[in-house]
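Enquirer:
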Amino acid sequence: VNALSAGPLQTISGRGAGVDQMLGLYEAMAPLGRNITHDEAGKSGTFLLSDMSSGITGEILHVDAGYNAMGSPGRMLDKIKAAQGA
């Protein structure tokens with residue numbers, strides 16, 4: 007069993023929940039300096055469902071522009087918010 011852990015994505019319903027601020031924070035922290043796209047998340051899922059991933063098991067594929075590689079992102083979010091005066 008494998009899993010796909012996608013970073014935040016812009017959705018219509020998310021706009022009402024204040025997702026734009028969260029997307030800005032993720033973009034500022036992600037090593038790639040951007041958020042992922044719906045296409046990137048979909049293609050990653052397609053890969054996991056394909057024969058190309060037949061040798062992969064028990065893994066979580068993080069598709070998040072490198073956000074997960076930052077270790078403890080919560081502490082970094084606090085630092086960014088403080089720097090922005092939030």
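Residue numbers (the numbering used here): 7 to 92.
Even for Gly, the Cβ is constructed at its ideal location relative to N, Cα and C.
I66 by DSSP, collapsed to three states: which one?
Expert: Counted from its first residue, the sequence shown places residue 66 at position 60. Strand.
Enquirer: Run through DSSP, which three-state label would A75 get?
Expert: Within the sequence shown, residue 75 is the residue found at index 69, counting from 1. The answer is helix: DSSP assigns A75 an H, G or I state.
Enquirer: Take the Cβ of D84 as the centre, count every other Cβ of all protein chains shown within 10 Å, and call the residue buried at 16 or more, exposed below.
Expert: Residue numbering aside, residue 84 sits at position 78 when the sequence shown is read from its first letter. Label assigned to D84: exposed.
Enquirer: DSSP puts S11 in a beta bridge; with which residues?
Expert: Counting from one through the sequence shown, the residue named residue 11 turns up at place 5. For S11, which the question treats as bridged, DSSP gives the partners H68.
Enquirer: In its own chain, which residues sit with a C-beta less than 6 Å from the C-beta of E33, not counting the 5 before and 5 after it?
Expert: On the sequence shown, residue 33 is found 27 positions in, with the first residue counted as 1. Hits under 6 Å: R40 and N41.
Enquirer: Return the CA-CA distance between A89 and P14, expressed in angstroms with no decimal places.
Expert: For the purposes of this step, residue 89 is taken as residue 83 along the sequence shown, with counting starting at 1. For the purposes of this step, residue 14 is taken as residue 8 along the sequence shown, with counting starting at 1. Between A89 and P14, the C-alpha separation is close to 22 Å.
Enquirer: Under the rule that 16 or more other beta-carbon atoms within 10 Å means buried, what is A71, buried or exposed?
Expert: Your numbering for residue 71 matches position 65 in the sequence shown. By the 10 Å Cβ count, A71 comes out buried.
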